[in-house]
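Written below as structure tokens is the structure these notes are about.
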């Protein structure tokens, strides 16, 4: 089914080497409505940064899942990758970066079972702080809720049957992100509509 939504492109656009951040990864991230400034692209793809990212990805195997990790051990490794990418996303002339949404999406592209796609819509809907160290455990708890996961798996199976092109049904964290984002967008529209109605 053709649409303007990212669908499976975000995770399935090739090449996607498990231990390399490349041009295709940055292109895939733009399908989720973020822009990466040219200076940030150059920094992320530079030989020095690429080597550091590759080393950090080696510490985070592609089969690690947020719902089953040993958090005290893995969470600091996740933070190392996230913080490096977020720092390299800073705009020219800036010493710090507030590109937490883009950093989250790049990390989720490389490790879709491990990093949630955090953005303002999802964070607001879940009542989260926007600080990754506090947000990640909430997503892990949701993934470990059997009732929620049963419903999510049913939705994903139905959508793929309807040719929605969601991609790998096993990437439950990615599909959870999608459902939460769609719910958050719907609630935003409802709030705007209620405010716009005459009293």
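Numbering (this note's numbering), first residue to last: 47 to 245.
Every residue, glycine too, gets a C-beta built ideally from N, C-alpha and C.
Owing to the predicted nature of the structure, the values given are computational and were not obtained by experimental measurement.
Taking the Cα positions, residue 143 is about 15 Å away from residue 178.
For residue 109, no alpha helix (DSSP H) segment is defined, and its DSSP state is neither H nor E.
One Cα belongs to residue 99, the other to residue 119, and the distance between them is close to 18 Å. For residue 228, the closest alpha carbon among the candidates 241, 169 and 189 is that of 169. By the Cβ neighbour-count rule, residue 240 is exposed, with fewer than 16 other Cβ atoms within 10 Å of its own. The region 109-126 makes contact with the region 153-163, as at least three CB pairs between them are under 8 Å.
If you check the CB distance, residue 196 and residue 206 do not come in under 8 Å. For residue 181, the uninterrupted alpha helix (DSSP H) run begins and ends at 178-189, by DSSP.
Distances from the alpha-carbon of residue 134 to those of 122, 121, 123 and 150 put 150 closest. If you draw a straight line from the Cα of residue 165 to the Cα of residue 72, it comes to about 17 Å. Here residue 86 is buried, its C-beta having at least 16 other C-beta atoms within 10 Å. Boundaries of the alpha helix (DSSP H) around residue 57: 55-58.
Within the same chain, Cβ atoms closer than 6 Å to the Cβ of residue 70 are found at 59 and 61, the five residues on either side in sequence being excluded. Within the model, the alpha-carbon separation for residue 80 versus residue 172 is close to 21 Å. When the five nearest sequence neighbours on each side are left out, the beta carbons in the same chain lying within less than 6 Å of the beta carbon of residue 176 are those of 169, in order along the chain. Here the alpha carbon of residue 230 sits roughly 10 Å from the alpha carbon of residue 223. Judged by DSSP in its simplified three-state form, residue 129 adopts helix.
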